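Residue numbers (the numbering used here): 100 to 423.
From the three backbone atoms N, C-alpha and C, an ideal C-beta is built for every residue, glycine too.
All values derive from a computational prediction rather than experimental measurement.
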């Protein structure tokens, strides 16, 4: 069990920096975000410290998840995690992310960077693409990607073109895409083009499925998008197989239900279904077994009855009283 001691100021609310929300939260695991927010709440509410067991029970996590979360935020530079002894106890110091971000942006000397012809040309090309002048903050962001993300000017320009193709030119959206490219370990223009192709191929299929179901893109929430992605990328089903599952869903419940369709496709995936012919074979087998069981049941109730052999001449004599 570990104990975490917070360097704190007492508040009646928990202030969360927009820098954390915009820059760090989107790429972090959910349980890590939960640990950060709960720890921040303890810190600003005047708690001296809390042990990992309490945090784990409060958040329904394992103690190892709590420790992994603090290590993650320490590596990201969001907190300072300082060991206080050899018993896995730590001092947690929350970094003022607003000041940290401002200082980091000030570290970029724009005048000096603009002396680099490649950098200057890149920024001018970006301005042409988005059809407006760049602010000093935006310039610092793009220049920072060259160092922090190891992007080349060509990758950054390709990223901007991709965002424009989506009708997005605001810096927050562009930064979000840049973070996703960084997480995907994109290092070259070829990497970026392959990433774009895979994403566009997936969304082209998703749009066709949604159109088949009569649903608009804007109506799809993240859990539904995750299901669609699973059908396409994990199960690797063709559109005709997915359409078949949609047809069955409509036939049975007369509406589009993602969970119902997911249940059908998951069953087919477990049965190694690959084609429409495989589905037909599976259905025919089910029909055969039903008929076979029905015949066996009838045989058990009638055909297995022990039949008697009668001497009809003797029976007639008895009925007429001729046997006397």
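Here residue 182 is not near residue 221, since their CB atoms are 8 Å or more apart. A residue is called buried once 16 or more other Cβ atoms fall within 10 Å of its Cβ, and residue 133 is buried on that count.
C-alpha of residue 196 to C-alpha of residue 290: approximately 32 Å in a straight line.
For the set 345, 186, 190, the Cα lying nearest the Cα of residue 180 is the one of 190.
For residue 246, there are no CB contacts under 8 Å within the same chain when 5 residues up- and downstream are skipped. Note: residue 192 is bridge-paired with 179 in the DSSP secondary-structure output. Setting aside the 5 residues that flank it on each side, residue 225 is surrounded in the same chain by 259, each with a C-beta closer than 6 Å to its C-beta; the list follows chain order.
Distance from the CA of residue 341 to the CA of residue 276, rounded to the nearest whole angstrom, comes to 29 Å. By the criterion of a C-beta distance shorter than 7 Å, residue 101 is surrounded in its chain by 150, 151, 166, 187, 188, 189, once the five residues flanking it on both sides are discounted. Taking C-beta separations shorter than 7 Å and ignoring five residues to either side along the sequence, the partners of residue 217 in its chain run 252, following chain order. Taking 8 Å as the cut-off, the Cβ atoms of residue 272 and residue 248 do not count as close. Counting of Cβ neighbours within 10 angstroms places residue 304 among the buried residues, the total reaching 16 or more.
One thing to note: residue 344 has its Cβ no nearer than 8 Å to the Cβ of residue 327. Residue state for residue 319 is assigned as coil, using DSSP reduced to three classes. One thing to note: residue 293 has its Cβ no nearer than 8 Å to the Cβ of residue 125. For residue 218, the enclosing alpha helix (DSSP H) has its first and last residue at 216 to 229.
Secondary structure at residue 103: strand, using DSSP grouped into helix, strand and coil.
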